[in-house]
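As given, the protein sequences belong to chains L and D, one line each in that order. Read in the numbering used here, the first sequence has 264 at position 264, and its numbers run on one by one without any break. Read in the numbering used here, the second sequence has 113 at position 113, and its numbers run on one by one without any break. Where a beta carbon is used, it is the ideal one built from N, C-alpha and C, also for glycine. Have a look at the structure below before the remarks.
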Amino acid sequence: MNSLGLTEQQPENNVIRIVLEALAVTLGRNVRARAIQLPAWNEALGLPRPWDQQWSLRIQQILALETDLLEYPDIFEGSKVMDGLAAELMEGARAEMAVVEEHGGAVKAVDYMKTQLVESHRERVARIERGEQKVVGQNVYTTAEPSPLQAGEDGGILTVDPEVERAQVEAVERWRAERDEAAVRAALAELRAAAENESLNVMPATLAAARAGATTGEWAGVLREVFGEYRAPTGVEGAAAIPDDEALHELREKVDRLSEALGRRVKILVGKPGLDGHSNGAEQIAVRARDAGMDVVYEGIRLTPSRIAATAVQEGVHVVGLSILSGSHRELIPEVLRELREAGADVPVVVGGIIPPADAERLMQAGVARVYTPKDFELTRIMGDIVDLVAEHHSAAATA
Amino acid sequence: MSAARAAAGDPAELGRRLRECDRGAAPAALNVIEDRSARGRERTRKLLAEVSPAALGGEAGAHLVGVTGPPGAGKSSLLSALVGRWRELGRTVAVLAVDPTSRRSGGSLLGDRARIEHDPRDDGVLIRSTAAGTRMGGLAPPTREAVQALAPAFDLVVVETVGVGQSETDVEEVTDTVAVVVQPASGDTLQFLKAGIMEVPDVLVVTKADLGEPALRARRDLESALRALGSRDTPVVSVSSVPPPSGIDDLVEALDAHRAAIDLPATRLRARRLTALADFLAERGEAGLRALGGRREAERFLDSLHPALDAAALVGALEERASEEGGG
């Protein structure tokens, strides 16, 4: 189940949201999910600890063992309301499948499907921003008592010891030092030969490489060299512009004025470092920046810090926005900053994602100009903030 | 640090560095060229003067290549394979990707870069994206000037644009060789060629050769259309960008062969003059052109100027002339 609906504000309410989500996929026996994995209450704050995951697991177990949910046939059978809703859903799904068919099948329609995903999320975000879709604690009933769940020393989330990474690196190095290097080279050469020959199965060569002690990275590296690397479509280019409202109109004028002062249009790089594929935030920021009148460079997910820095320099952007939800911001963001400095890019960097307050402070000290977290859901306001930042940076540079 | 940065921002210094093949100066030079403020234009003038034929002692050695074609034809994938091959051959490449996004809101999403595979640590590849702006498919003056600024520092300068028909004209004006990229079963290009809406390109590329028969048929159709138009020599190259790519070497060869056959000084001279005219027109509009006595008269005036002048100097001459004419 996804954690899209979870809020950073009043995070205890997420437990109720998670229970409701779980009910939605378990109540009707005929449509019951075969397996569910529930998110944890604090996933909009950071990584869940074992205790948080235990809590989510218990939700399922209570549902299964303390209720009579599993004892009856489908309780919605014969319900006109449910039948109507299901029919509506089926109709929508069939219409959507017909469009995919028209594109020539799912593979050919990847671009279309990704664009639709970005588009529907864009609509959702805009509805929440305008207050049309109510989210308790976020855009209604926002006054709150401090949450004791977050009062602990860890702020209610898992903090990963940087030592873990070092230990992992050492383990891989030790592994490589102790294996039969010649055998690994030979196995990887076999793998390459199999990959290059269309009539050969790569699986036996893969198993042989694994047994010889090749790492996953080496295995993937060989396949990447043969097959190339797939960069998925970002879906942002096809996203429709949001309807004009006053705030956006004002923002656009601000962008225009700044662009005049800069001599060229305000240009932003939206970068997504690290291995998490949670691209919703980056995509929405990219689309809104375009709607605000900026030139936007967005290259998709899983970028290395060096690629982000090279792009920032080559594209001559005025500001870099990094989106990260993997929890590795403490390592990756400073690395991007260092790469940017080394590449000679003097641009402000803002970060958005699931960043605990203590980490946010650390990132600001490291040179990040702003940190945005899920509680900052008003994209137009964030954009205004970023424009101000570029303007400040520009006038500071001009007078320096 | 601040001294280094001041030097990096000095337009004449940037121009000198480009002249000496220092590719690290390219991004900052493009920042200067894209700056359309009065100050920016003055800085551009200083920069371009350093890479003028007079300063270089001849024409820049780069091969200036235009890659254009309808949306979805596979230009970015082709460029991805082409850039890879050029790098294997040890050639440095700058790609100016002009995005067709219309500026509904003034902004645009520049996505081409993501589709061109390259090693970010390789300083032999530069990719710069710009929005086409209000002129659909056309080239904005900064793109034209960028081609000239980068020409001394890279082995290849590629301008990638989207479009069929009018947009090739712009690309053709600023490059040595134009490759039009089409995908199989795109009858438009064939029709446009036959109807004369589209100029015969220097090289025609049919993508998606991995489709087999449709790609072969497209190639045959284009070849017979070219024969009918009397362009027997225009190469039609079939390529596939799906790994393992095919036809890329043939394309590299076809592009090289075209470059070897043209009158380079004449091509470049014309590019500079038309760039100057486009820049002047963007700044001063039709009224400015009238002050020069119309387009033809303006071109005649440009033809009378020294061939070693850079585009910015030519713009200066046009402006001077316009104010003289306006005053008189």
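*Output the boundary residues of the beta strand (DSSP E) element that contains A179/D.*
Per DSSP, A179/D belongs to the beta strand (DSSP E) from T177 to V182.
*asked:* Just verifying my parser: in three-state terms, what is the DSSP assignment at S80/D?
replied: S80/D: helix per DSSP, three-state reduction.
_Applying the 10 Å Cβ sphere with the 16-neighbour rule, what's the burial state of A4/D?_
Residue confidence is low: A4/D scores 40 on pLDDT, short of 50, so the model does not pin down where it sits. Its coordinate-derived value is still stated next. Burial call: exposed.
*Contact set for L269/D: own chain, Cβ-Cβ below 8 Å, skip 5 residues either direction*: P307
*Across which residues does DSSP place P273/L in a beta bridge pair?*
According to DSSP, which records beta bridges pairwise, P273/L is partnered with L303/L.
*Which residue comes first and which comes last in the alpha helix (DSSP H) that contains H249/L?*
E246 to L262
_Tell me which residues share the same chain as R17/L and place their Cβ nearer than 7 Å to its Cβ, disregarding the 5 neighbours each side in the sequence._
Around R17/L: G5 and L6.
*List the residues that DSSP assigns as beta-bridge partners of K267/L.*
D295/L
*If you compare alpha carbons, which of I36/L, N42/L and N2/L is closest to E8/L?*
Nearest option by C-alpha distance: N42/L.
*Neighbour flag for M294/L against chain D, beta carbons, 8 Å*: Yes, because at least one Cβ of chain D sits closer than 8 Å to the Cβ of M294/L.
*Give the C-beta separation of L332/L and V349/L to the nearest angstrom, bearing in mind that I take them to be a contact with Cβ-Cβ under 8 Å.*
Contact flag wrong, Cβ pair sits at about 12 Å.
_Helix, strand or coil for Q169/L? Go by DSSP, reduced to three states._
It is Val, not Gln, that sits at residue 169/L in the sequence shown. Correct three-state label for V169/L: helix.
*Are the beta-carbon atoms of S238/D and A209/D separated by less than 8 Å?*
Result yes, Cβ atoms of S238/D and A209/D sit closer than 8 Å.
*Using a beta-carbon distance below 8 Å, is R284/D in contact with chain L?*
no
*Looking at V125/D and V157/D, is the spacing between their C-beta atoms short of 8 Å?*
With contacts defined as CB atoms closer than 8 Å, V157/D and V125/D fail to qualify as a contacting pair.
_Under 8 Å between C-beta atoms of Q138/L and F377/L_ = yes
*What is the C-beta distance between T130/D and L96/D, in whole angstroms, given that I count them as a contact (C-beta under 8 Å)?*
Indeed they touch by this definition, with Cβ atoms about 7 Å apart.
*Is the shortest distance between the beta-carbon of P27/D and the beta-carbons of chain L less than 8 Å?*
yes
*Could you check which residue in D10/D, A49/D and E42/D has the C-alpha nearest to that of A311/D?*
It is A49/D.
*With L251/L and A292/L assumed to form a contact (beta carbons below 8 Å), what rounded beta-carbon distance in angstroms separates them?*
Yes, they are in contact, since the Cβ atoms of L251/L and A292/L sit about 5 Å apart, within 8 Å.
_6 Å CB neighbourhood of A360/L in its chain, flanking five on each side removed_ = V371
*asked:* Considering just the uninterrupted stretch of the alpha helix (DSSP H) at G187/D, what are its terminal residues?
replied: G187 to A195
*What are the partner residues of L109/D, as DSSP defines its beta bridges?*
V296/L
*Relative to the C-alpha of G15/D, which residue among L56/D, D35/D, R36/D and S37/D is closest?*
L56/D
*Identify every run of the beta strand (DSSP E) within the stretch 198-252 of chain D, keeping only runs that are complete inside it and at least 3 residues long; order them along the chain.*
203-206 and 236-238
*Count the C-beta pairs between the stretch 36-52 of chain L and the stretch 88-104 of chain L that are closer than 8 Å, then say yes if the count reaches three, no if not.*
no
*Residues of its chain near P141/D, where Cβ-Cβ distance is below 6 Å and the 5 sequence neighbours each way are ignored*: Only A278, D279 and A282 meet the Cβ criterion.
*Neighbouring residues, chain D, relative to Y112/L (Cβ below 8 Å)*: Neighbours of Y112/L on chain D: none; closest Cβ ~12 Å, over 8 Å.
_Enclosing alpha helix (DSSP H) for I333/L [first to last residue]_ = H329 to E342
*Helix, strand or coil at E145/L [DSSP, three-state]*: coil
*Closer than 7 Å by C-beta to R91/D: which residues in its own chain qualify, once you throw out the five before and the five after it? Chain order, please.*
The beta carbon of R91/D sits closer than 7 Å to the beta carbons of D155 and L156 from its chain, once the five residues preceding and following it are set aside; these are given in chain order.
*By the 10 Å Cβ neighbour count, where 16 or more other Cβ atoms means buried, how is G66/D classified, buried or exposed?*
Looking at its Cβ environment, which holds 16 or more other Cβ atoms inside 10 Å, G66/D is buried.
*Taking three-plus beta-carbon pairs below 8 Å as touching, is the stretch 111-131 of chain L in contact with the stretch 54-69 of chain L?*
With a cut-off of 8 Å, the stretch 54-69 of chain L and the stretch 111-131 of chain L do not count as touching, because too few Cβ pairs lie within range.
*Is the beta carbon of L158/L less than 8 Å from the beta carbon of G277/L?*
no
*Residues of its chain near N30/L, where Cβ-Cβ distance is below 7 Å and the 5 sequence neighbours each way are ignored*: D74
_8 Å is my cut-off, CB to CB: does R5/D come that close to chain L?_
Residue placement at R5/D is flagged as unreliable, the pLDDT there being 44, under the threshold of 50; the coordinate-derived value follows with that caveat. Taking Cβ atoms only, chain L reaches closer than 8 Å to R5/D, which makes this a yes.
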